[in-house]
Amino acid sequence: MSDLSRRTLLAGAAATAGLAAAGTSRRPARAAARTRIPVTRSEERVVIVGSGFGGGVTALRFAQAGVRCLVLERGVWWRTGPNAETFPHATSPDKRMFWLGSTPTIFGISADPFEHYTGLLEQVPGNGMDMIVAAGVGGGSLIYQGMSLQPSESVFNATLPERLDYARMDSVYYRRVARMLRLQTAPDELVGSTTYKPARMFAADVRRAGYTVEKIPMPIDWSYALRELKGEMKPSYTNGDCALGVNNGGKHSVDVTYIAAAQATGLVTVATQHNVTDVAMAPDGRWEVHADRIGTDGTVLEKKIITAQALVMAAGTAGTTRLLMRASAKGAIPDMPDGLGSGWGSNGDRIYVWTDFADDFGVPQGGPVVYGSKEWDDPATANTVIQASLPPLPVNLRSTMIVGYGVSAGRGRFVYDSRKDDAVLQWPKGADDPLYRRIDERVTRITGSSSMLVDTTGAYPSTWHPLGGASMGTVCDLSGRVAGHRGLYVLDGALLPGTTAACNPSMTIAAVAERATDDLVANDAGTVF
Ligand SMILES: Cc1cc2nc3c(=O)[nH]c(=O)nc-3n(C[C@H](O)[C@H](O)[C@H](O)COP(=O)(O)OP(=O)(O)OC[C@H]3O[C@@H](n4cnc5c(N)ncnc54)[C@H](O)[C@@H]3O)c2cc1C
Numbered sequence: 394m395s396d397l398s399r400r401t402l403l404a405g406a407a408a409t410a411g412l413a414a415a416g417t418s419r420r421p422a423r424a425a426a427r428t429r430i431p432v433t434r435s436e437e438r439v440v441i442v443g444s445g446f447g448g449g450v451t452a453l454r455f456a457q458a459g460v461r462c463l464v465l466e467r468g469v470w471w472r473t474g475p476n477a478e479t480f481p482h483a484t485s486p487d488k489r490m491f492w493l494g495s496t497p498t499i500f501g502i503s504a505d506p507f508e509h510y511t512g513l514l515e516q517v518p519g520n521g522m523d524m525i526v527a528a529g530v531g532g533g534s535l536i537y538q539g540m541s542l543q544p545s546e547s548v549f550n551a552t553l554p555e556r557l558d559y560a561r562m563d564s565v566y567y568r569r570v571a572r573m574l575r576l577q578t579a580p581d582e583l584v585g586s587t588t589y590k591p592a593r594m595f596a597a598d599v600r601r602a603g604y605t606v607e608k609i610p611m612p613i614d615w616s617y618a619l620r621e622l623k624g625e626m627k628p629s630y631t632n633g634d635c636a637l638g639v640n641n642g643g644k645h646s647v648d649v650t651y652i653a654a655a656q657a658t659g660l661v662t663v664a665t666q667h668n669v670t671d672v673a674m675a676p677d678g679r680w681e682v683h684a685d686r687i688g689t690d691g692t693v694l695e696k697k698i699i700t701a702q703a704l705v706m707a708a709g710t711a712g713t714t715r716l717l718m719r720a721s722a723k724g725a726i727p728d729m730p731d732g733l734g735s736g737w738g739s740n741g742d743r744i745y746v747w748t749d750f751a752d753d754f755g756v757p758q759g760g761p762v763v764y765g766s767k768e769w770d771d772p773a774t775a776n777t778v779i780q781a782s783l784p785p786l787p788v789n790l791r792s793t794m795i796v797g798y799g800v801s802a803g804r805g806r807f808v809y810d811s812r813k814d815d816a817v818l819q820w821p822k823g824a825d826d827p828l829y830r831r832i833d834e835r836v837t838r839i840t841g842s843s844s845m846l847v848d849t850t851g852a853y854p855s856t857w858h859p860l861g862g863a864s865m866g867t868v869c870d871l872s873g874r875v876a877g878h879r880g881l882y883v884l885d886g887a888l889l890p891g892t893t894a895a896c897n898p899s900m901t902i903a904a905v906a907e908r909a910t911d912d913l914v915a916n917d918a919g920t921v922f
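Here the sequence shown is numbered in the numbering used here, starting from 394 and rising by one per residue.
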């Protein structure tokens with residue numbers, strides 16, 4: 394626990410001034426009814442901002458090496474178990490879906506009228522491309538479908554620094570992540586059941602189109618889905634009601650794997666509803682973190698200033714990059730590398746609604762994902778196409794979802810806007826068009842002439858897979874050390890140079906963090922922190 398060294402009270406108006414800063418939504422949370430907000434100072438050995446893949450891996454590996462850490466997470470814990478009602482339902486949205494007033498458009502749902510809440514999803518607006526990111530202990534793993542792919546050696550080496558050493562990544566780090574997340578593919582018994590018809594139709598159509606198809610490794614204990622089939626718990630997987638978190642549990646998300654194991658060491662404290670508003674270099678060279686302890690409606694209850702020997706930025710691509718750019722622009726962290734904010738990539742995300750007039754997918758649809766088709770032979774155009782279930786709709790739209798992603802050449806950059814006091818993504822229109830055309834061509838061939846495809850990403854340019862902004866080789870070394878800044882690290886999607894080699898990002902973010910923390914424990918623990 395933190396050592397409290399000072400406790401003061403500030404007048405309300407001054408204290409609420411930081412409410413709309415980076416990490417909260419653009420709309421300020423409701424002004425605190427209180428007139429005085431306590432300010433607390435404390436000291437820590439290591440502070441980790443964010444509890445997703447990067448933050449979870451770091452907390453566990455540092456703690457196992459005996460390093461005490463404080464994890465600051467802006468969101469809440471989402472505890473699940475058979476028949477729980479923890480997560481919201483995509484078909485009946487409520488405040489739990491949205492981060493403090495942000496209204497992301499996801500699965501065609503855009504919701505405005507809800508009370509502000511420390512909910513799951515935030516839309517981070519960019520110029521030409523928005524990012525959809527998650528909040529809560531476990532970060533994106535709470536609401537991700539869980540597709541956990543490891544890149545092939547050739548695509549990895551063509552898109553990521555070869556010095557990461559694919560052979561070692563393969564034999565040590567990807568395997569470590571796969572073990573932690575207990576990856577499994579869906580059993581045939583489940584795939585053969587009624588509601589998994591869309592998966593079977595997709596697999597058949599992929600083969601008919603001349604492509605290969607395979608099951609995708611998922612961090613799921615599929616026995617939960619089989620128990621749903623037997624009526625032992627209400628549907629969550631088998632009716633596709635898992636797009637915003639799996640209420641029944643059985644999903645090995647970061648909160649119940651890495652974070653739980655980190656806490657079990659006794660050396661990790663996870664402070665939830667702690668929204669980091671600023672990071673800075675302290676006069677003595679240590680790192681200063683300003684965090685608001687917030688209520689679930691965003692009200693600031695306490696302002697904390699925490700000084701640490703090491704600061705690990707793991708707030709996700711959008712969170713980490715924007716916090717560092719604000720600090721740099723305002724001189725709070727001097728001499729940041731010039732490349733900060735550059736090299737951002739979308740991972741080539743493309744989401745389609747697929748309507749088949751010849752056959753009926755049926756409703757509801759079992760989820761989240763069973764099959765995918767990889768086209769990885771040429772690293773320049775490598776891409777993956779998968780089918781994902783629609784949430785359980787009251788009407789049969791004869792539709793399901795197809796998602797593509799791949800090696801995207803386009804790169805955007807964040808630019809600090811002093812009026813907004815925020816760094817905003819600038820995306821060059823059309824930058825990923827060659828990859829999109831390749832994905833379009835494949836998806837059109839797979840779905841065939843009796844189908845209609847609606848390209849939702851074309852209508853609303855956005856990505857679920859933002860990567861880069863404080864990339865390795867430009868801003869950081871391969872282990873996330875920010876160049877020229879002792880004790881400052883980036884260990885999340887921001888470290889990856891704009892792509893994860895035709896795969897969804899989580900496996901590579903976690904494996905790179907596993908590799909990095911081995912290095913940091915061996916070489917920085919005990920000297921730098
Ligand atoms: C709908 C959806 C589906 C997806 N499906 C897949 C999939 O199937 N497979 C896959 O590999 N990837 C998928 N992804 C992407 C994946 O979730 C992300 O790539 C991954 O979570 C990024 O990991 P990270 O460690 O960089 O950050 P995150 O997991 O985003 O974690 C960052 C954490 O930092 C916290 N944070 C942010 N700002 C602050 C702040 N100011 N103060 C305190 N805390 C803060 C956030 O609340 C969050 O918990 C999906 C994403 C979405 C949105």
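We put the CB at the ideal spot given by N, CA and C, even for glycine. None of these values were measured; they are calculated from a predicted model.
Asked                                                                                                               : Found
Neighbour-count burial assignment, Lys644, 16 or more Cβ in a 10 Å radius                                           : buried
Nonlocal neighbours in the same chain, by C-beta distance under 8 Å from Asp810, ignoring five residues either side : Ala816 and Val817
Pairwise C-alpha distance: Arg568 and Ala751                                                                        : 42 Å
Straight-line Cα distance separating Gly691 from Ala406                                                             : Because the pLDDT at Ala406 is just 31, under 50, the model does not fix this residue reliably, and the point stays unresolved.
Inter-stretch contact at 8 Å, needing at least 3 Cβ pairs: the region 700–713 / the region 872–890                  : yes
Where Gln336 falls: helix, strand or coil (DSSP)                                                                    : Outside the shown range of the chain, which is 394 to 922, sits residue 336, and nothing can be said about it.
Beta strand (DSSP E) segment containing Met540, residue limits                                                      : Counting along the chain, Met540 falls outside any beta strand (DSSP E), and DSSP gives it neither H nor E.
Limits of the alpha helix (DSSP H) - the one that Arg434 falls within                                               : Where Arg434 is concerned, there is no enclosing alpha helix (DSSP H), although the beta strand (DSSP E) it sits in stretches over Arg429 to Val442.
Coil, strand or helix - Glu768 by DSSP                                                                              : strand
Exposure of Val847, with buried meaning 16 or more beta-carbon neighbours within 10 Å                               : exposed
Contact belief for Ser782 with Gly633 at Cβ below 8 Å, rounded distance in angstroms                                : 3 Å
Where Gly799 sits in the DSSP three-state scheme                                                                    : strand
Segments of 4+ residues assigned as alpha helix (DSSP H) that fall wholly inside the region 550–615                 : 568–573, 581–584 and 590–601
Exposed unless 16 or more other CB atoms sit within 10 angstroms - verdict on Met845                                : exposed
For Ile839, the three-state DSSP class (helix, strand or coil)                                                      : helix
Pick from Gly448, Val905, Ala915 and Asp911 that is closest to Met562, judged by C-alpha positions                  : Val905
Whole-number beta carbon distance between Phe446 and Thr903, since they are thought to touch under 8 Å              : A small correction: the amino acid at residue 903 is Ala; Thr does not occupy that position in the sequence shown. Indeed, because the Cβ distance is near 4 Å, the residues count as touching under 8 Å.
Pro727 beta carbon less than 8 Å from that of Ala876                                                                : no
Whole-Å CB distance - Lys696 paired with Ile430, under 8 Å assumed                                                  : 6 Å
Assigned exposure category for Glu437 - 16 Cβ within 10 Å defines buried                                            : buried
Any non-hydrogen atom of ligand 1 within 7 Å of Ala708 CB                                                           : yes
Which residues DSSP lists as bridging Trp492, in chain order                                                        : Thr511
Rounded distance between the beta-carbons of Gly529 and Trp471, thought under 8 Å                                   : 5 Å
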